[in-house]
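Student: Please see the structure below; I have some questions.
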Amino acid sequence: MGGTMDGTKQRRRGDTRQRIQDVALELFAEQGYEKTSLREIAERLEVTKAALYYHFKTKEEIIVSLFEDLTRPIEELIEWGRRQPHTLETKQEIVRRYSQVLTDAAPLFRFMQENQATVRELSIGEMFKNRMLGMRDIIIDPDADLVDQVRCVSALFTMHAGMFVLRDLEGDPEEKRKAILEVATDLVTQAHKGA
């Protein structure tokens, strides 16, 4: 029987895929996607290139897998939203959950913002656009006034802006997240009153 040491090692090994993703994203952020090599990712992780290769063959595979993992909650939210009635409670809940998803995926969205050319070349841009269309469909009432439809879509954009544009504003990140969520919630609430 191995001691606790083995247990820890075992768990770490199970998380290798995630550690590769995290370190890759760190390096991409520091020095740019183009300039980062698989070898550097392996070096920072202190694993062999072969060990890295076992999980991912290319940088593209790493970033696409990251995108799929971090946006799966958006897919789940869209699935959930499609099954709900178009009530105000539903919309407020969509906004609340989306705010949380974006917070969890912030490093990835930052990468997308800063590497737009790369994102366009990899299939990510297209996938992201589809996720956004799905979000739009669950948050707007097709029969609402155009102004109210715009309000609902603006709620989503408010949350996106919150990640990039408002990053430089003074204030505690959590306070900012709450303020952004409040504005997004106001927008869907107002839109609903109009309906």
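Under the working numbering, the first residue of the sequence shown is numbered 52, with each subsequent residue one higher. Yeah, the Cβ is synthetic: ideal placement off N, Cα and C, and Gly gets one too. Owing to the predicted nature of the structure, the values given are computational and were not obtained by experimental measurement.
#1: Please list, in chain order, all residues of the same chain as Gly245 whose beta carbon is under 8 Å from its beta carbon, the five residues on each side excluded.
#2: With DSSP run on the structure shown, which of helix, strand or coil describes Tyr84?
#3: Taking buried to mean at least 16 other C-beta atoms within 10 Å of its own C-beta, is Gln72 buried or exposed?
#4: Between which two residues does the alpha helix (DSSP H) harbouring Glu233 extend?
#5: Output needed for Leu35: all residues of its chain with C-beta closer than 7 Å, excluding positions within five of it in sequence on either side, in chain order.
#6: Among the residues of its own chain, which have a CB less than 8 Å from the CB of Arg161, if the five just before and after it don't count?
#7: Would you say Val234 and Ile190 are within 8 Å of each other, going by their C-beta atoms?
#8: For Ile125, which residues of its own chain have a beta-carbon under 6 Å away from its beta-carbon, when the five flanking residues on both sides are left out?
#9: Do you know offhand how far Lys100's Cα is from Glu130's?
#10: Here's the rule I'm using: 16 or more other beta-carbon atoms within 10 Å means buried, otherwise exposed. How should Thr252 be labelled?
#11: Suppose you measure from the CA of Glu119 to the CA of Gly222; what does that come to, to the nearest Å?
#12: For the putative contact between Val74 and Leu89, defined by C-beta atoms under 8 Å, what is the C-beta separation to the nearest angstrom?
#13: Have a look at Ala212 and Ala230 and give me their C-alpha separation to the nearest angstrom.
#14: How far does the alpha helix (DSSP H) with Ile92 in it reach, from first residue to last?
#15: Just how far apart, CA to CA, sit Glu77 and Val170?
#16: Would you mind giving the Cβ-Cβ distance between Ala22 and Leu121, rounded to the nearest angstrom? I have them listed as a contact below 8 Å.
#17: From His137 to Ser205, what does the alpha carbon distance come to, in whole angstroms?
#18: Between Lys108, Asp192, Ile175, which has its C-alpha nearest Leu139's C-alpha?
#19: Would you kindly check if the distance between the Cβ of Leu232 and the Cβ of Arg147 is under 8 Å?
#20: For Arg63, collect the residues of the same chain with a Cβ closer than 6 Å to its Cβ; drop the 5 residues on either side in sequence, then sort them by chain order.
#21: Would you kindly check if the distance between the Cβ of Ser150 and the Cβ of Arg228 is under 8 Å?
Tutor: Working from what's here:
#1: Ala195, Asp196, Val198, Asp199, Arg202
#2: coil
#3: buried
#4: Where Glu233 is concerned, the enclosing alpha helix (DSSP H) stretches over 224 to 245.
#5: Nothing about residue 35 can be read from this structure; the chain reaches only from 52 to 246.
#6: Ala80, Met214, Phe215
#7: no
#8: Once the five neighbours on either side are set aside, the close Cβ partners of Ile125 are Val152, Arg182.
#9: Distance between the alpha carbons of Lys100 and Glu130: 38 Å.
#10: There is simply no residue 252 to check, as the chain begins at 52 and stops at 246 in what is shown.
#11: 31 Å
#12: With a Cβ gap of about 11 Å, Val74 and Leu89 do not count as contacting.
#13: 12 Å
#14: 89 to 96
#15: Glu77 and Val170 have their C-alpha atoms some 17 Å from each other.
#16: One cannot answer for residue 22 here, as it falls past the ends of the chain, which runs 52 to 246.
#17: 17 Å
#18: Closest in alpha carbon position to Leu139, among Lys108, Asp192, Ile175, is Asp192.
#19: yes
#20: With a pLDDT of 47 at Arg63, under the threshold of 50, the modelled position of that residue is not reliable, and no figure is offered here.
#21: yes
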